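Okay, structure first, notes after.
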Amino acid sequence: MKPVRLSLPPRLCLKSGQVGEGIFTRPYFTFLLTSGCSLAALNLGFASFLSPSAFLTFISFINLPRQEFRMYSLLALLGTLAMYLLVSRRYLWLSIVNALLLYTHYSSIFLILAQTVYVILYARRDLKLFTIHYLLLTIYYIPWLPQFARQLGSGLNIDNYLPGWRQVLSISPVKAFPVIFFKLVAGRISFISKYLYGLYITFVFAVTFTALAVTRIKKHLLFIWVFVPIFSLLFTSLVLPQNQPFRVIFVLPGLIILFASACFRYPKLFLTLILYIFLVGDIAYFTRPRLQREQWRQAIGFLSGQPGITLVKFSDKFAPFYWYSPDYRVIPAVSVYPARKAAVTDSLSAQSLPSQIFLLQYLTELTDPDLLVDSVIKELGYRQTRIYNFEGVGFIYQYKRI
Numbered sequence: 010m011k012p013v014r015l016s017l018p019p020r021l022c023l024k025s026g027q028v029g030e031g032i033f034t035r036p037y038f039t040f041l042l043t044s045g046c047s048l049a050a051l052n053l054g055f056a057s058f059l060s061p062s063a064f065l066t067f068i069s070f071i072n073l074p075r076q077e078f079r080m081y082s083l084l085a086l087l088g089t090l091a092m093y094l095l096v097s098r099r100y101l102w103l104s105i106v107n108a109l110l111l112y113t114h115y116s117s118i119f120l121i122l123a124q125t126v127y128v129i130l131y132a133r134r135d136l137k138l139f140t141i142h143y144l145l146l147t148i149y150y151i152p153w154l155p156q157f158a159r160q161l162g163s164g165l166n167i168d169n170y171l172p173g174w175r176q177v178l179s180i181s182p183v184k185a186f187p188v189i190f191f192k193l194v195a196g197r198i199s200f201i202s203k204y205l206y207g208l209y210i211t212f213v214f215a216v217t218f219t220a221l222a223v224t225r226i227k228k229h230l231l232f233i234w235v236f237v238p239i240f241s242l243l244f245t246s247l248v249l250p251q252n253q254p255f256r257v258i259f260v261l262p263g264l265i266i267l268f269a270s271a272c273f274r275y276p277k278l279f280l281t282l283i284l285y286i287f288l289v290g291d292i293a294y295f296t297r298p299r300l301q302r303e304q305w306r307q308a309i310g311f312l313s314g315q316p317g318i319t320l321v322k323f324s325d326k327f328a329p330f331y332w333y334s335p336d337y338r339v340i341p342a343v344s345v346y347p348a349r350k351a352a353v354t355d356s357l358s359a360q361s362l363p364s365q366i367f368l369l370q371y372l373t374e375l376t377d378p379d380l381l382v383d384s385v386i387k388e389l390g391y392r393q394t395r396i397y398n399f400e401g402v403g404f405i406y407q408y409k410r411i
């Protein structure tokens, strides 16, 4: 007999785990949290599974991590599992899951801090076991400490070698708190009208904080779960640029459980309002490509089908090129940041450039704020003939030799 080989698209294989985890696994752990341990106030049989789990499955903000090949979806899963193990007092397993969290993303330290605050304030009898958990966690993480030290140093000095990157990664802490909360609840949406957008933001905040106020469930664990990581993130962002909502996506299940509790108290009112917010977020997300993933596959597919080569304002071709078209010729036009005209001129003059070239404007504000690459291209006898736009990738300029 000949062996049977199943050939599946690579993208399907890579993303199937995220989709399955988002639809089934994370809601299951949320069910465990709401149907046992210290959250018995929400133990209402199948209803406790249906409400938090259904909310968590359909909330708009979770859609992008399901589609993007990034670590954030796994971060939410492991974070939910870690909180379940905490309230179950399974500290040996908690040390393993927390280690996996740290290996997945550094921001998980904020969730571990929340666990510490909860144990100190409300579970002092477990301080000894929790300390042992910390010792085990440290042992598990020792192999990565040298790499962590290098990356921490790079993050602290990022303004020196890539000016402007802090502004890309972060916003001011004053703005960050409402932005994080709004995006966690309403998703990545925006309206053309600023007035309409402002009214909707006010509506979302009113529903959210009213729901948090009226919930009857014991709030200690859930409030610590939600607010300690967010405020820790904001405080840390004063030094390290990292206050984007995705970095604390593990607080979302706790927020959803609080919403579910409010729905059990005033079912008609809050179920209608919260589902309305979720549906608006889902519809806005799925009907507007600019809110979804970066269109690298489409952009690289377009470039690969055109005669000529592509220039990028970076020291190497961007990672998506290696994935979607590893053999496609890309010329890095910027070797130091920000770009210097002499270096750009030497780099491009040494190349045998064809009559048609494409220039990606991706990261221009960081690596070439003075548009020196554009200037050198024109000095080499090229004229801009057309501009293409791909969502998330930005403008691609087409140049032809005069």
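All residue numbers for the sequence shown refer to my numbering, where the first residue is 10 and numbers rise by one. Idealized CB from N, CA, C, for every residue including glycine. Note that the coordinates shown come from a computational prediction; the quantities given were computed from them, not determined experimentally.
Quick one: Cα of residue i to Cα of residue j, how far?
| i | j | result |
| --- | --- | --- |
| Tyr-408 | Lys-322 | 15 Å |
| Gln-365 | Tyr-337 | 15 Å |
| Phe-295 | Leu-138 | 46 Å |
| Val-216 | Ile-233 | 20 Å |
| Ala-91 | Tyr-115 | 15 Å |
| Ile-189 | Lys-387 | 43 Å |
| Ile-258 | Leu-84 | 7 Å |
| Gly-403 | Trp-332 | 19 Å |
| Leu-261 | Phe-279 | 18 Å |
| Arg-297 | Leu-288 | 14 Å |
| Leu-369 | Ala-185 | 30 Å |
| Ala-269 | Leu-205 | 27 Å |
| Ile-283 | Pro-187 | 18 Å |
| Pro-363 | Glu-374 | 26 Å |
| Gln-443 | Ile-151 | Since the displayed the chain opens at 10 and closes at 411, residue 443 lies outside it and no answer follows. |
| Tyr-346 | Ser-313 | 27 Å |
| Gln-160 | Ile-148 | 20 Å |
| Phe-191 | Ile-286 | 11 Å |
| Thr-211 | Ser-356 | 51 Å |
| Phe-218 | Tyr-209 | 14 Å |
In its own chain, which residues sit with a C-beta less than 8 Å from the C-beta of residue i, not counting the 5 before and 5 after it?
| i | result |
| --- | --- |
| Pro-155 | none |
| Phe-244 | Pro-182 |
| His-229 | Tyr-127, Leu-130 and Tyr-131 |
| Val-106 | Leu-87, Leu-90, Ala-91 and Leu-94 |
| Ile-309 | Pro-329, Phe-330, Tyr-333, Ser-334 and Tyr-337 |
| Val-235 | Val-260, Gly-263, Leu-264 and Leu-267 |
| Leu-122 | Val-237, Pro-238 and Ser-241 |
| Gly-390 | Arg-410 and Ile-411 |
| Gly-207 | none |
Can residue i and residue j be called in contact, C-beta distance under 8 Å?
| i | j | result |
| --- | --- | --- |
| Tyr-397 | Phe-327 | no |
| Val-343 | Val-382 | yes |
| Leu-120 | Gly-88 | yes |
| Ala-348 | Thr-376 | yes |
| Ile-411 | Arg-395 | no |
| Gln-307 | Phe-399 | yes |
| His-142 | Tyr-100 | yes |
| Leu-136 | Ser-104 | no |
| Gln-360 | Ile-340 | yes |
| Val-194 | Val-213 | yes |
| Ala-352 | Ala-271 | no |
Which same chain residues, not among the five before or five after residue i, have their C-beta less than 6 Å away from its C-beta?
| i | result |
| --- | --- |
| Ile-198 | Gly-290 and Ala-293 |
| Gly-401 | Glu-303 and Gln-304 |
| Ile-109 | Checking the sequence shown, residue 109 turns out to be Leu, not Ile. The residues are Leu-87. |
| Ile-405 | Phe-367, Leu-369 and Tyr-397 |
| Ser-117 | Leu-110 and Leu-111 |
| Trp-102 | Leu-94 |
Using 8 Å for Cβ pairs, my map puts residue i next to residue j. What's the rounded Cβ distance?
| i | j | result |
| --- | --- | --- |
| Tyr-81 | Phe-255 | 5 Å |
Against chain C, does residue i count as a neighbour if the rule is that its beta carbon must be under 8 Å from one of theirs?
| i | result |
| --- | --- |
| Leu-389 | Absence of chain C from the displayed structure is noted, only one protein chain being present. |
In chain order, what residues of the same chain lie with their CB nearer than 7 Å to the CB of residue i, ignoring the 5 residues before and after it?
| i | result |
| --- | --- |
| Thr-354 | Val-385 |
| Can you give, in chain order, each stretch of the alpha helix (DSSP H) that sits fully within the region 324–404 and has at least 4 residues? | 328–333, 350–358, 373–376 and 381–388
| request: Write down every uninterrupted run of the alpha helix (DSSP H) in the region 115–163 whose length is 4 residues or greater and which is fully enclosed by it, in chain order. | output: 118–131 and 136–150
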